[in-house]
Each structure stands twice: as structure tokens, then as C-alpha cells.
Amino acid sequence: MDHLNRYFIGQIARVQKTFTEDDVTGWSSLTHDYNDVYGLDISKRDGRSSMVPGILSEGLITEAISKELPEGPCVIIQKELVFIQPVQIDSTITAEIEIIDVDIQRHWITMKVRCMNEQRIDVIQGKIMIKLLSEGGIKRWN
Numbered sequence: 009m010d011h012l013n014r015y016f017i018g019q020i021a022r023v024q025k026t027f028t029e030d031d032v033t034g035w036s037s038l039t040h041d042y043n044d045v046y047g048l049d050i051s052k053r054d055g056r057s058s059m060v061p062g063i064l065s066e067g068l069i070t071e072a073i074s075k076e077l078p079e080g081p082c083v084i085i086q087k088e089l090v091f092i093q094p095v096q097i098d099s100t101i102t103a104e105i106e107i108i109d110v111d112i113q114r115h116w117i118t119m120k121v122r123c124m125n126e127q128r129i130d131v132i133q134g135k136i137m138i139k140l141l142s143e144g145g146i147k148r149w150n
């Protein structure tokens, strides 16, 4: 599997995004998740900041994997994430992944994950393991 050689321990990828109310509204429309914690109903906010669904913040991690690491089809086979702080609407979040292990025999890559806000306070920490598939795609699952 040639594309496995493009990954190395210590390799880092980052992406950044500012989450808007439109992002949260779009998520809620797609999933029908209208939890009051997202603060979409202004009459219920009581001066509190609106929160971004955790899955949207988590999406930055997969974006970093797919856009910033060397190309090659892969699937997430394990993830362990801790949501330390809430992400507020209009926060700019940076997702950073760092390769900590490359298992050539299994075609697995393990990454340390960190998402932080503009004050560099961690909002998500954890690990993700991906399995690299062959250049042909799903055929290489075994």
C-alpha cells in the first residue's frame, strides 16, 4: 500500500472555522435537533451564549484528516473524544491532529486530537484511529 508511506509519526494537520448561527440552524434543520442549549429561539436565551452542537466541532477533525493529510481513502475505526468546554456561536475553533502511531501491517494510523478556541483553550481532546484503504477504495477493508 504505497500511500501509507506518506504518513509519519509527528505529522500535524490543522484546520480552522468560525461557527455561525447559520451553521447551527442548518444542523438543526438537517437533524431536527432543536435543543434549547443551541439558543436558536432568542426569546429563551436569557442572556446566555448559544452553543454549537458537539458534532459540528468534531467535524473539523474529519476535515483535517481528509483535507490536510496526504490523500488516500480511509475510514475512522475508533474515536475517543472528551468535550471539555462548550463551543459558542461565533467562536473560531482550530482542530489539530498529530500522528502518534503508524501500524503498517494493519494499515492503521492513530492520531492525537485537539480542538481549541481563539484563546487557545482546549474544547475537545482525544484520539482517533483510521484505517487506510487501498487506492481503489473499500475493496481493501480486510
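If you count the sequence shown from 1, you need to add 8 to reach the numbering used here.
Using N, Cα and C, we set each Cβ at its ideal position, and we do this for glycine too.
Please read these numbers as outputs of a predicted model, since none were measured by experiment.
Nearest-angstrom Cα distance between residue 38 and residue 105?
Each residue's alpha carbon lies about 27 angstroms from the other.
Mark residue 55 as exposed unless 16 or more other C-beta atoms lie within 10 angstroms of its C-beta, in which case mark it buried.
For residue 55, the predicted structure reports a pLDDT of 48, less than 50, and the residue's modelled location is therefore unreliable. The matter cannot be settled from this model.
Spatial neighbours of residue 109 within its chain, please: CB distance less than 6 angstroms, with the 5 preceding and 5 following residues excluded, ordered by chain position.
Taken in chain order, the residues that qualify are 118.
Which runs of the beta strand (DSSP E) fall wholly inside the segment 66-96 and span at least 3 residues, in chain order?
Within the segment 66-96, the complete beta strand (DSSP E) segments at least 3 residues long are 82-91, listed from N- to C-terminus.
Could you please give the first and the last residue of the uninterrupted beta strand (DSSP E) stretch that includes residue 105?
Run containing residue 105: 100-111, per the beta strand (DSSP E) assignment.
Using the Cα positions of residue 136 and residue 78, report the straight-line distance between them to the nearest angstrom.
Within the model, the alpha-carbon separation for residue 136 versus residue 78 is close to 16 angstroms.
For residue 133, collect the residues of the same chain with a Cβ closer than 7 angstroms to its Cβ; drop the 5 residues on either side in sequence, then sort them by chain order.
Around residue 133: 90, 92, 121 and 122.
Span separating the alpha-carbon of residue 23 from that of residue 112
About 26 angstroms.
So, for residue 61: in the same chain, excluding its five sequence neighbours on each side, which residues have a beta-carbon less than 6 angstroms away from its beta-carbon?
Counting only Cβ-Cβ distances below 6 angstroms, and skipping sequence neighbours, we find 35.
How close, in whole Å, do the beta carbons of residue 58 and residue 20 come, if the pair is a contact with beta carbons under 8 angstroms?
With 8 angstroms as the limit, residue 58 and residue 20 do not qualify as a contact, their Cβ atoms being about 31 angstroms apart.
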